[in-house]
Amino acid sequence: MLTVLMLAFGGALALKAFEERQFSDTTTLIQQQREADALAGHVRAELMSSRAKLEGLLLSGASLESIRRGVPFDAVAEREPPTGVWAQLAENDSVRVFAKDPEGRWVSGIKRRAKVIMEPLAGRSFYLVAAGNTPENTRFETVNLERTAVACAPVADAGVAACVSRPAPLFGLGDLNRIVIYGLLIAAPLLAVIGLVGVIGRLQREKAEIEKKIPTQAAVEQASWTAFEVPGVIGLWRWTPKSQLLTVGTEAGALVGAARHGDMSLDEFTSMIADDDRRRVRDAFENPSSSQISAAFQG
Numbered sequence: 005m006l007t008v009l010m011l012a013f014g015g016a017l018a019l020k021a022f023e024e025r026q027f028s029d030t031t032t033l034i035q036q037q038r039e040a041d042a043l044a045g046h047v048r049a050e051l052m053s054s055r056a057k058l059e060g061l062l063l064s065g066a067s068l069e070s071i072r073r074g075v076p077f078d079a080v081a082e083r084e085p086p087t088g089v090w091a092q093l094a095e096n097d098s099v100r101v102f103a104k105d106p107e108g109r110w111v112s113g114i115k116r117r118a119k120v121i122m123e124p125l126a127g128r129s130f131y132l133v134a135a136g137n138t139p140e141n142t143r144f145e146t147v148n149l150e151r152t153a154v155a156c157a158p159v160a161d162a163g164v165a166a167c168v169s170r171p172a173p174l175f176g177l178g179d180l181n182r183i184v185i186y187g188l189l190i191a192a193p194l195l196a197v198i199g200l201v202g203v204i205g206r207l208q209r210e211k212a213e214i215e216k217k218i219p220t221q222a223a224v225e226q227a228s229w230t231a232f233e234v235p236g237v238i239g240l241w242r243w244t245p246k247s248q249l250l251t252v253g254t255e256a257g258a259l260v261g262a263a264r265h266g267d268m269s270l271d272e273f274t275s276m277i278a279d280d281d282r283r284r285v286r287d288a289f290e291n292p293s294s295s296q297i298s299a300a301f302q303g
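Going letter by letter, the sequence shown gives residues 5 to 303 in the working numbering.
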């Protein structure tokens, strides 16, 4: 029963630890998504600023080279955007921004990723992906037992999404703390029970030792009659209650006028005693007391 109770208690603590780990993971993913949303907002602001400068230069009739230096862009070219977007992911980890001049001509400018997104901190990684390749949900990715939390957020009205990733170890300091705490919670009652069982066992052993030293009633009677040996001038007398035999020495047999000495039954012995004393002698042997023993053989 004790084992079952400890297993149930340990199982409950394990479920609690699992629940806390799930809560911690959920909190991590929520925070990751918020960071991705913030990064997407920052990227949108940078791209909108570049697009506004591009449109202003186009309205002034600036050349492509002037636009490249004025915004600035890494490269500028005449190019139409995909339907419904004003920015898209370009080659070489860059972003392309589109704008139209008053004559209806589309011009695009390219900026490297490093000029669009901020520098990551605390082990995080920032990167851009095409909007169509954006994962649907914030998630954990595990490669070679190394887990990473990943979240992406689309840049509004653009074919670009901003993503944030950071390490999320499978076993961290928080998990170690939970193991230590719950291990102590299990060990404390277990050690108390073990100590209690040890005390109970010790008390039982002490009780058994004491009981061994207490003589039983049969042992008391045997000791009383064994001690009742009178080796005086009247010889040896010994009564054994267990076998119901009386041992009479030579002198003792001669004293009572017995035809023989040695072991004899109580009936045989009392048959040699006068009728008036026979019952008293028989009762003295069958129900002995210390006073009767003393009185019967002191003379």
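The C-beta atom is built at its ideal place from N, Cα and C for all residues, glycine as well.
No experiment lies behind these values; they were computed from the predicted model shown.
Counted as a single uninterrupted DSSP element, the stretch harbouring I218 is not any alpha helix (DSSP H), since DSSP gives it neither H nor E. V89 is a Cβ neighbour of A162, given a cutoff of 7 Å.
Distances from the alpha-carbon of L68 to those of M52, E95, S112, V47 put S112 closest. For E123, the three-state secondary structure derived from DSSP is coil.
In the displayed model, F77 falls within coil according to three-state DSSP, outside both helix and strand.
In this structure the segment 119-127 does not touch the segment 179-196; the number of beta carbon pairs closer than 8 Å is below three. Our two residues, E84 and G108, have alpha carbons roughly 10 Å apart in a direct line. The C-beta of S129 has fewer than 16 other C-beta atoms within 10 Å across all chains shown, which makes the residue exposed. Annotation for R151: no alpha helix (DSSP H) segment contains it, though the beta strand (DSSP E) segment containing it runs 150-158. The beta carbon of R72 lies closer than 6 Å to those of V80 in the same chain, with the five residues before and after it left out.
At a Cβ-Cβ threshold of 7 Å, T142 and Q35 do not count as neighbours.
Taking the C-beta atoms as reference points, F289 is found no nearer than 7 Å to L259. Exposure of A134 is indicated by the presence of fewer than 16 other C-beta atoms within 10 angstroms of its C-beta. S169 is not a Cβ neighbour of T146, given a cutoff of 7 Å.
Here T254 is not near R242, since their CB atoms are 7 Å or more apart.
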